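Visitor:
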Amino acid sequence: EAGVVQSPRYKIIEKKQPVAFWCNPISGHNTLYWYRQNLGQGPELLIRYENEEAVDDSQLPKDRFSAERLKGVDSTLKIQPAELGDSAVYLCASSSRQRQETQYFGPGTRLLVL
Amino acid sequence: GQNIDQPTEMTATEGAIVQINCTYQTSGFNGLFWYQQHAGEAPTFLSYNVLDGLEEKGRFSSFLSRSKGYSYLLLKELQMKDSASYLCAVRPGGYNKLIFGAGTRLAVHP
């Protein structure tokens, strides 16, 4: 079984530029999560999807961040414009309806904003 | 508020046993998780406790005391490959959402 796939793995941009991250969850997993992990910290939830519906986006900075999961499978997280403080690893995770307690993480996208 | 505390760093010797503690204060509780994260890699699931007591899985065991807001991860017969960060996470209430601690960076020496 393929794991959670994310791309790109690394991204370097200048501040004020836009950036987008893509995630393909494990096949059949209805719940998808986007986390941000700063250096030396644990992941922090940005948004959670149940199928195509965003059910928890309370931690998403909505002035510059947006996300979508149009067909309830792949998801895209966008930042526009990026700021220096957005430098972090952006992790995508998914879980199944049958085993909601276990989240499987992708390798993450390491973003550096200069 | 939500607060999860764990030591920042620990060191141990190959073949030994190490215990990584985690204390939590959250608005509601619906499970405690331990994840392992090697540098530059994704967190991988290790264990899940929702009832008090010890859960054993090979060389790894996890303990939970809900009344004390306390958990530990026990690693036996340490190997060099166990050098990683260990993340404690709590699922508060009925929401399928994890709140992570900052992680404990474990270094295993020969």
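Heads up: the protein sequence lines correspond to chains A and B, in order.
In this text, residue positions in the first sequence follow our numbering: the first is 12, and each later residue adds one.
In this text, residue positions in the second sequence follow our numbering: the first is 2, and each later residue adds one.
Backbone N, C-alpha and C fix where the C-beta goes; we use that ideal spot for every residue, glycine too.
These numbers were taken from a predicted model, which means no experiment stands behind them.
1) Would L33(B) and R106(B) qualify as a contact pair, given that the criterion is a beta-carbon distance under 9 Å?
2) Any idea if P29(A) is buried or exposed, counting beta-carbon neighbours within 10 angstroms, 16 or more meaning buried?
3) Helix, strand or coil: which one does DSSP assign to D83(B)?
4) Below 8 Å, can you find three or more Cβ-Cβ pairs linking the region 108-121 of chain A to the region 76-88 of chain B?
5) Per DSSP, which one or two residues make a beta bridge with I122(B)?
6) Excluding the 5 residues flanking Y36(B) on each side, which residues of the same chain have their C-beta closer than 7 Å to its C-beta?
7) On the CB-based measure, 16 or more other CB atoms within 10 Å of its CB, does S72(B) come out buried or exposed?
8) Please name the residues in the region 71-95 of chain A whose beta-carbon is closer than 9 Å to at least one beta-carbon of chain B, in chain order.
9) Would A78(A) and A93(A) be called neighbours here (beta carbons separated by less than 9 Å)?
10) Does any residue of chain A have a CB that is nearer than 9 Å to the CB of K82(B)?
11) Going by DSSP, what residues sit across from K58(B) in a beta bridge?
12) Between which two residues does the beta strand (DSSP E) holding T119(B) run?
13) Would you say the region 14-30 of chain B touches the region 115-124 of chain A, given that touching needs at least three Cβ pairs under 8 Å?
14) Which runs of the beta strand (DSSP E) fall wholly inside the region 26-77 of chain A and span at least 3 residues, in chain order?
Guide: The short version:
1) Cβ atoms of L33(B) and R106(B): not closer than 9 Å.
2) It counts as exposed.
3) Helix.
4) Not touching, per the Cβ criterion.
5) Look at the range of chain B in this structure, 2 to 111, and you will see that residue 122(B) is not part of it.
6) Taking C-beta separations shorter than 7 Å and ignoring five residues to either side along the sequence, the partners of Y36(B) in its chain run P44, T45, F46, L47, L88, A90, following chain order.
7) The residue in question, S72(B), is buried, as its Cβ has 16 or more Cβ neighbours within 10 Å.
8) Flagged: no residues at all.
9) For the 9 Å CB-CB criterion, A78(A) and A93(A) do not form a contact.
10) By this cut-off, K82(B) is not an interface position.
11) Its beta-bridge partners are F61(B).
12) Outside the shown range of chain B, which is 2 to 111, sits residue 119(B), and nothing can be said about it.
13) By the Cβ test, the region 14-30 of chain B is not in contact with the region 115-124 of chain A, since fewer than three Cβ pairs between them sit closer than 8 Å.
14) Complete beta strand (DSSP E) runs here, min 3: 30-35, 42-48, 55-61, 64-67.
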